[in-house]
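Worksheet: one structure, shown below.
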Amino acid sequence: QFFARGMCLVVAMVLFFAALGSLPLPTCVAIFFVAPLLITLFSVPFLGERIGIHRSLSVLAGMAGVLLIIRPGTDSFQQETLLVLAAALSYALFQIWTRRLKSVGNLEAMVTVQHVAYTVVSAPVFVFNLLAPVPPTGNGALDFILRAPVMPGMIDWIYMAACAVMVLFLSWVSSNAYRHVEASFIAPFEYAAIPFAVIWGILIWQDWPDALAWAGMVLILAGGLYTVYRERQQNSTVMSETPMPASTAAAHPPEEDMPGFEMPDPAMQDPEKDADAG
Numbered sequence: 221q222f223f224a225r226g227m228c229l230v231v232a233m234v235l236f237f238a239a240l241g242s243l244p245l246p247t248c249v250a251i252f253f254v255a256p257l258l259i260t261l262f263s264v265p266f267l268g269e270r271i272g273i274h275r276s277l278s279v280l281a282g283m284a285g286v287l288l289i290i291r292p293g294t295d296s297f298q299q300e301t302l303l304v305l306a307a308a309l310s311y312a313l314f315q316i317w318t319r320r321l322k323s324v325g326n327l328e329a330m331v332t333v334q335h336v337a338y339t340v341v342s343a344p345v346f347v348f349n350l351l352a353p354v355p356p357t358g359n360g361a362l363d364f365i366l367r368a369p370v371m372p373g374m375i376d377w378i379y380m381a382a383c384a385v386m387v388l389f390l391s392w393v394s395s396n397a398y399r400h401v402e403a404s405f406i407a408p409f410e411y412a413a414i415p416f417a418v419i420w421g422i423l424i425w426q427d428w429p430d431a432l433a434w435a436g437m438v439l440i441l442a443g444g445l446y447t448v449y450r451e452r453q454q455n456s457t458v459m460s461e462t463p464m465p466a467s468t469a470a471a472h473p474p475e476e477d478m479p480g481f482e483m484p485d486p487a488m489q490d491p492e493k494d495a496d497a498g
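Numbered by the numbering used here, the letters in the sequence shown go through residues 221 to 498 in order.
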């Protein structure tokens, strides 16, 4: 089960990077963020979690944002966006599986097997591209994945080593979070990647999203942030309505008396009555 979970992440990453060969980075990241919406939806049948009307509306807002970016049925629609959607589906299953396996094994084993799955897939692809590279096909996605390897320079090795360390750390943090907290609550936090993708896309490749793409990103971010707000509000309400345990109540009696009932003043009590009562 650990290996199957890891393969879900590998498939998601391969499809995502394949789409990067044809689509701008901000577009890929924004479309990929249908994944938290899928995580929220899948948490109902697979994890038995419940989502209320507010979270459902947030999911619908996010999906509307994704549609504004993809624009199916229009001249601007690109087939590579389907690769990103498939990557989002695979990633959502990966995180749902993480939650289901929280009581099996340990976190270190999950992360280790996850990176073994990376190696099992990437090593044969590397050997194939090294021995029999595919000539350019004109398809950006295929050429990005199957082109001949390029020997990295020293600065490239430094960048890759830094990325490897960050990915390993983030994999551990993400897996740990999904094991201990409701998946439908964690998912919206991942939306923070969207503004960073826009910033990097503009700074490095000068990829400026158009008006509809901006509108879609705003809807996705708004839906995610509103979900976080509602969940925090709901958790605060639940905490305030939870009855105090008897042991806590005994240890911390109320300072004020109950309405309509007056405690007798010890100074006004009749000593003889007290003696008779004794």
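By construction, the Cβ of each residue, glycine as well, lies at the ideal position given by its N, Cα and C atoms.
In terms of Cβ geometry, ILE440 and ILE414 form a close pair [threshold 8 angstroms]. GLU300 counts as buried, since at least 16 other C-beta atoms from the protein chains shown sit within 10 angstroms of its C-beta. In the structure shown, the three-state DSSP call for ASP430 is coil. Per the Cβ contact rule, the stretch 235–247 is in contact with the stretch 420–429 (3 or more Cβ pairs under 8 angstroms). The C-alpha of LEU351 is placed about 44 angstroms away from the C-alpha of ALA431. DSSP places MET330 within a helical segment (H, G or I) once states are collapsed to three. Listed in chain order, the non-local C-beta contacts of VAL418 below 6 angstroms within the same chain comprise PRO246, local neighbours out to five positions each way being set aside. Fewer than three Cβ pairs drawn from the stretch 334–352 and the stretch 277–292 lie within less than 8 angstroms of each other, which leaves the two stretches out of contact. By the beta-carbon neighbour count (other beta carbons within 10 angstroms, threshold 16), TRP377 is exposed. In terms of Cα proximity to ASP427, the closest of ALA224, PHE223, VAL231, LEU240 is LEU240. Cα atoms of SER342 and MET233: separation of roughly 11 angstroms, rounded to the nearest angstrom.
In this structure, ILE259 is the residue among ILE375, LEU280, ILE259, GLY285 with its C-alpha nearest to the C-alpha of PHE409. If you draw a straight line from the Cα of GLU269 to the Cα of ALA281, it comes to about 20 angstroms.
Three or more beta-carbon pairs separated by less than 8 angstroms are not found between the stretch 250–267 and the stretch 356–368, which leaves the two stretches without contact. Under the DSSP assignment, TYR311 falls in the alpha helix (DSSP H) whose first and last residues are 300–320. If the five residues before and after VAL279 are omitted, its C-beta is found closer than 6 angstroms to the C-beta atoms of LEU257, THR260, all from its own chain and listed in chain order. Non-local beta-carbon contacts of ILE316 in its own chain, meaning distances under 6 angstroms to residues more than five positions away in sequence, involve PHE262, PHE266 in chain order.
In this structure, ARG399 sits away from ARG275, with a CB-CB distance that is not shorter than 8 angstroms. Annotation for PRO246: the continuous alpha helix (DSSP H) segment containing it runs 245–252. With contacts defined as CB atoms closer than 8 angstroms, LEU327 and SER394 fail to qualify as a contacting pair.
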